[in-house]
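Enquirer: Numbering (the working numbering), first residue to last: -12 to 261.
The beta-carbon is built from N, C-alpha and C at its ideal position, and this holds for glycine as well.
Being a predicted model, the structure only gives us computed values, none of them experimental.
Handing you this structure, nothing more for now.
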Ligand code: SIN
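So, in structure tokens, the structure goes:
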């Protein structure tokens, strides 16, 4: 048996790497999945090319990193509750992830990671941008770090998911997750600090008057979206992106209407931020 070795090509000095030399349609040994876990810790988001994986194979890959979760709002692929279709075509009124966010941060235990496989991509456009919340935190002044450390933010799924339903002409009366998390969280594996507020789910800072909380959040959203913390991933057919929601935010560009962009995401459960 030839011994496969990963080839890792970093994308920016701050985050992201393409990983070559692995076929994710085949089972991976514990050693190899440990290596990939280590790469995710180092690079925060890792990418694979030319991965023609089935839904079962995508789920099997995801389960190497933890239990898979079912999305609290979006419908899943038939017979695969843990698989979230990501799809846009000429009939779409919106797409997933059009604003900066960390997936489902309104959960009490937000997902550790998300793995997105796109099998159909537009000729041009449909990129996903990723931003390192470690780099965003590290770039703050010591005074600002002291102010933010210890603040708690409210993350509420309701406004986002009801707004999305309204775009589809629906009045969604379901209860959605709501949780409180530190504005600056500590990554449970690396121990590094990362900013953990985003404009999709964060609605307030606990204990601050609304105007002060809103101004603080707006400052952070502007700060977090600076290009030096980012990379822009250009998809190809059968690319996979695997990002760590605990230290990375992302945004999907919908600049390819009416073309089709389509694939599937599995989401790996996480734990309570601290
Ligand atoms: C998402 O998971 O937020 C969607 C990302 C994408 O479609 O690029």
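(1) Who's in the neighbourhood of the ligand SIN, going by beta-carbon under 7 Å from any heavy atom, listed in chain order?
(2) Beta strand (DSSP E) containing residue 59: first to last residue?
(3) Taking the straight line between their C-alpha atoms, what separation do you get for residue -11 and residue 35?
(4) Helix, strand or coil: how does DSSP classify residue 229 here?
(5) Whole angstroms is fine: what's the gap from residue 103's alpha carbon to residue 250's?
(6) Identify the continuous alpha helix (DSSP H) that holds residue 25 and give its terminal residues.
(7) Which stretch, first to last residue, makes up the beta strand (DSSP E) that contains residue 238?
(8) Are the beta-carbon atoms of residue 199 and residue 108 separated by less than 8 Å?
(9) State the DSSP-derived secondary structure class of residue 206, mapped to helix, strand or coil.
(10) Pick helix, strand or coil for residue 43, following the three-state DSSP scheme.
(11) Look at residue 2 and residue 38 and say whether their C-beta atoms are less than 8 Å apart.
(12) What residue range does the alpha helix (DSSP H) around residue 122 cover?
(13) Work out the CA separation of residue 8 and residue 228 for me, nearest whole Å.
(14) Distance check for residue 204 and residue 17, CA to CA, integer angstroms please.
Expert: This is what the structure holds:
(1) 73, 82, 83, 84, 88, 90, 101, 103, 115, 237, 239, 252
(2) On the chain shown, position 72 is the one that residue 59 refers to. Premise fails: residue 59 is in no beta strand (DSSP E) and is neither H nor E.
(3) The count along the chain shown starts at 1 and reaches residue -11 at position 2. The count along the chain shown starts at 1 and reaches residue 35 at position 48. Because residue -11 sits at a pLDDT of 48, beneath the cut-off of 50, its placement in the model cannot be relied upon, and the point is left open.
(4) Locating residue 229 in the chain shown gives position 242, counting from the first residue. Strand at residue 229.
(5) In the chain shown, counting from the first residue as 1, residue 103 sits at position 116. In the chain shown, counting from the first residue as 1, residue 250 sits at position 263. Going from the Cα of residue 103 to the Cα of residue 250 covers about 7 Å.
(6) In the chain shown, residue 25 corresponds to position 38, counting from 1. Residue 25 -> alpha helix (DSSP H) spans 17 to 30.
(7) Position 251 of the chain shown, counting from 1, holds the residue named residue 238. Unbroken beta strand (DSSP E) run through residue 238: 235 to 239.
(8) Position 212 of the chain shown, counting from 1, holds the residue named residue 199. Position 121 of the chain shown, counting from 1, holds the residue named residue 108. Not a contact, by the Cβ cut-off of 8 Å.
(9) Start at 1 with the first residue of the chain shown, and residue 206 comes out as number 219. Annotated three-state conformation of residue 206 is helix, per DSSP.
(10) Taking the chain shown and counting its residues from 1, one reaches residue 43 at position 56. Residue 43: helix per DSSP, three-state reduction.
(11) The sequence position of residue 2 within the chain shown is 15, counting from 1. The sequence position of residue 38 within the chain shown is 51, counting from 1. Residue 2 is not a Cβ neighbour of residue 38, given a cutoff of 8 Å.
(12) Reading the chain shown from its first residue, position 135 is the one you call residue 122. Looking at the DSSP string, the run of the alpha helix (DSSP H) that includes residue 122 is 120 to 125.
(13) To locate residue 228, count along the chain shown from 1; it is residue 241. To locate residue 8, count along the chain shown from 1; it is residue 21. One alpha carbon belongs to residue 228, the other to residue 8, and they sit about 15 Å apart.
(14) The residue given as residue 17 occupies position 30 in the chain shown. The residue given as residue 204 occupies position 217 in the chain shown. Rounded to the nearest angstrom, the two C-alpha atoms are 41 Å apart.
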